[in-house]
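Data first, discussion second: the structure below is written as structure tokens.
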Amino acid sequence: MSTTFPPAGETAEGSSFDPSAIQAKWQRLWNEADPFRAGGAEDTRPRKYVLGMFPYPSGDLHMGHAENYAYVDVVARFWRHRGYNVLNPIGWDSFGLPAENAAIKGGAGSDPREWTYRNIDQHKKSFREFGSSYDWSRVLHTSDPEYYRWNQWLFQRLYERDLAYRKESPVNWCPNDQTVLANEQVVDGHCERCGAEVVKKKLTQWYFKITDYADRLLDDLNQLEGFWPSKVIRMQRNWIGRSVGADIDFEIEGRADKISVFSTRPDTLHGATFMVVAPDSDLAAELAAGSTPEVQAAFQAYLESVGKSTEIERQATDRPKTGVFLDRFAVNPVNGERLPIWAADYVLADYGHGAVMAVPAHDQRDLDFARAFGLPVKVVVDTTAPVTGAIPVIELDADGVPIDPFADDPSLDELDPAVTGIALTDDGRLINSGSLNGLSKRHAIARAIEELSAQGTGRAAKSYRLRDWLISRQRFWGTPIPMIHTADGRTVPVPDDQLPLILPAAQGLDLAPQGTSPLGGATEWMQTTDPETGEPALRDADTMDTFVDSSWYFLRFLAPNDTSEPFPTAQAARWAPVDSYIGGVEHAILHLLYARFITKVLFDMGLIDFTEPFSSLINQGMVLLDGSKMSKSKGNLVEFASSMLDPGADAVRTAIAFAGPVEDDINWEDVSTTGAQKFLARAWRVATDVSSAPEVVWAEGDPALRRVTHRLWADAPGLVEQTKFNVVIARLMELVNATRKAIDSGAGAADPAVREAAEATAMILDLFAPHMAEEMWEILGYEPFVGLVPWRQADPMLLVEESVTAVVQVDGKVRGTLTVSARISSDELEALARADEKVVRSLAGRQIARAVVRAPKVVSFTTA
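Now the structure itself:
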């Protein structure tokens, strides 16, 4: 599909075509009439909820935003034209670091509120100029107390359900922004927001227990297959990362309590030759403390060096293995062997139980570590043995011990990982493993779990890559966490009737990053009373991660001014879930995962009757400038408002939609707003040339032009639903050109088919160039608003081709063409082909041995 607009051809004469005047006129009329407000309970039309991921108000919007919101508007307008009552609201994700950093830069007395709401005003202005068909009665800002009151209410409900808790643990710490980051906000070891290298720091923080929903979050992705991009579903599955295996209990010499180790391969337990614990885990600290002073000193030095590495770096497979021996031993529960315990950074404190049994023969990282420190390697899986067929008979020796059928297999010498440095990870049959000898992997895992369970030394278990959601932030501009810390050490919630807990004024506070929340400096605000005893107490000084704000906002749009509840259950049943959710793929993990989690919690609370928030997801590509994504921080952006000054909003919208498939990245340098403006002028000229009345009988018009019109009516709905917006525009160009040709010849501008084509152009063009479409609709003699007019149905009779071109081949080569009826029979088509002079000449007297006829398009002759 070409992404270049065709030559303009004939355009408006003089200065009568004025996009700026047309744009201003229709924005004024839309503002006065508010035609895109969603219908109320009395509206009996079927409903569609269309939503774009809401913007953050960091300055004006740029063309990356313009692309997203142009597509949102296309979808919303399309469903209105299809006869639906459409909800298409807009709001602002207005808490967060950029506003706070701007206030810090502004110096003493600066307030993030001023910067935030000033930018929101600019956004609103740009959206209106863009012609976005929002329901402006439902606007929300997450930094309004009327909104974040319900964030706090939601926190309390999670706390009541044991889904919100506080603990001390190592966290991702951004030394630049001086705040913690969730794992998802660390990209390649750096802060997603500012790019600073992230370090580990121990803090007491609030978490949401998203891991309680790990299985549902993973399994329910099946509901979204075919409705979400496969790439996003795959990313979500990988992030949740479910592993199935066993928890195995190991005794630790000199320690009263056993420790549990999770393994996906309990069948290889006989091959464990050492144990590794995460150096930053409580277990490692405890084990080191029980060892010699020399070990304690070595461990402390190692722990400090580990703190300088990110989790991403620690898990790199090509990184040299480091560690320290803790001079402690575990006992293998299946054979009683003593396993030396090491602290090594390739094990993470929050994976499994922070410890792994190392089976170096069959795990590459364990093998690399074993070779680096001279630890034993024991093969327990013969990867050369077939895994299909009968299980070998296991013979017993005189003492009743299974005889290893593969123990003397010389092929293993050539595969010894201790020599080759390559772990044996393929399937095979178990060896050196007692009762598991001869079993394939699948059967051996099941047998191993059965035996561990029977002995009371293990059990079937699952582990996840997913970690609980860390929501505490040490910054000012966010939702205050509604908890109270009492003098006697209790932590209790702020009573519901005291919500919202409103942020204090920023004046007088030092908002600069300092490692603790600026709210701690609001002395008067921090002081409160214990709701149970009335004694003096302190508020929690942290604020919530802004992803809490965006995890449920789509429900608040249902009644953004409701003061009695976060959203009416009846409205949720009426409108939700969102039918079409549109935004960037950069939110494939962060925002979407959290929104799915909160949706499932609300379902369990009985407040909604669905478990997935977004039925259909559309991800648009990025808009690039100078080879990289547009970004204010990079300084490579084209602002929304300035881009619309010359060509007008309609030209910008049309050019973006025509630039390529929705999911592809586009280079702004290649987007032709000038070409789009010329195309719109040509379409406008067609409307001005129509001379027939609205009551004209279309059926009396030129059949050829009517067929072009009705083919577009037939194809456009499917193309839009497949997000092939660029193809729709190309087809509109085809229709405009055909209409122009009809005007300039034959019956001319009075032809009823010309009016029909012009009306179709206006109705479909409304998706991309709504100001122009409204103007054309008015020129054609109709009342506003074309955006509310149902699309017409194609006439099936006009979709039948009157004639087609049939190709005739002789021995695989094209030898002639025939113009025939689209309804010609195979026999008739073959007879015509045999009689065609060009075909006869090409045969040169040879006999036709075989004829294949595919009426009405192809005849293929094969000669003897």
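Sequence positions in the sequence shown follow UniProt numbering and run 1 to 864. Ideal Cβ positions, reconstructed from N, Cα and C, are used throughout, including at glycine.
L712 and R834 have their C-alpha atoms roughly 36 Å apart. By the 16-neighbour rule on beta-carbons within 10 angstroms, S517 is buried.
Excluding the 5 residues flanking it on each side, D427 has same chain C-beta neighbours closer than 6 Å at V387, K441, in chain order. Partner residues in a beta bridge of R653, as assigned by DSSP, do not exist.
Per DSSP, the beta-bridge partners of A355 are V277.
Shown here, F17 sits in coil according to DSSP, grouped into three states, outside any helix or strand. Cβ-Cβ separation between V728 and V720: approximately 6 Å, consistent with a contact (criterion under 8 Å).
Secondary structure of M797 (DSSP, three-state): helix. The DSSP-derived three-state label of E67 is helix. Contact annotation: P482 and L501 have beta-carbon atoms nearer than 8 Å. For L511, there is no enclosing beta strand (DSSP E), as DSSP marks it with neither H nor E. Taking the Cα positions, V789 is about 11 Å away from A760. Taking the Cα positions, P340 is about 19 Å away from V380.
By the criterion of a C-beta distance shorter than 7 Å, F208 is surrounded in its chain by L158, L163, A164, D468, W469, I471, once the five residues flanking it on both sides are discounted. Ranked by Cα distance from Y302, the first of R574, F547, L326, R319 is L326. As a beta-bridge residue in DSSP terms, G584 pairs with Q620. A831 is classed as exposed because its beta carbon has fewer than 16 other beta carbons within 10 Å across all chains shown.
Each of D609, M605, A343 was checked against the Cα of V578, and the nearest Cα belongs to D609. In the DSSP assignment, H62 is bridged to E639.
A direct Cα-Cα distance of roughly 8 Å separates V690 from D751. With respect to the C-alpha of P320, the residue from W525, A284, R365 having the closest C-alpha is R365. A contact between stretches requires three or more CB pairs, one per stretch, nearer than 8 Å, and the region 220-233 meets this requirement with the region 588-601.
Taking Q809 as the centre and dropping the five residues before and after it, the same chain places the C-beta of S860 closer than 6 Å to its C-beta, in chain order. By the neighbour-count criterion, in which a residue is buried when 16 or more other Cβ atoms sit within 10 angstroms of its Cβ, T457 is buried. Residue pairing by DSSP places Q205 opposite K167 in a beta bridge. A Cβ-Cβ contact shorter than 8 Å links S132 with Y69. When only Cα atoms are considered, V356 and G254 end up about 19 Å apart.
In this structure, the beta-carbon distance from A461 to F250 does not fall below 8 Å.
P613 and W552 have their alpha carbons spaced roughly 9 Å apart.
Residue environment analysis places V697 among the exposed positions, since fewer than 16 neighbouring C-beta atoms fall within 10 angstroms of its C-beta. Taken through DSSP and simplified to helix, strand or coil, I848 comes out as strand.
Put simply, the region 569-578 touches the region 543-560. At least three CB pairs are less than 8 Å apart. For the set A66, N172, L602, the Cα lying nearest the Cα of N151 is the one of L602.
Taking a cut-off of 8 Å on C-beta distances, the region 166-182 touches the region 193-201, as three or more cross pairs fall below it. Between L780 and A687, the alpha-carbon positions lie close to 6 Å from each other. Listed in chain order, the non-local C-beta contacts of S615 below 7 Å within the same chain comprise F227, P577, V578, D579, local neighbours out to five positions each way being set aside.
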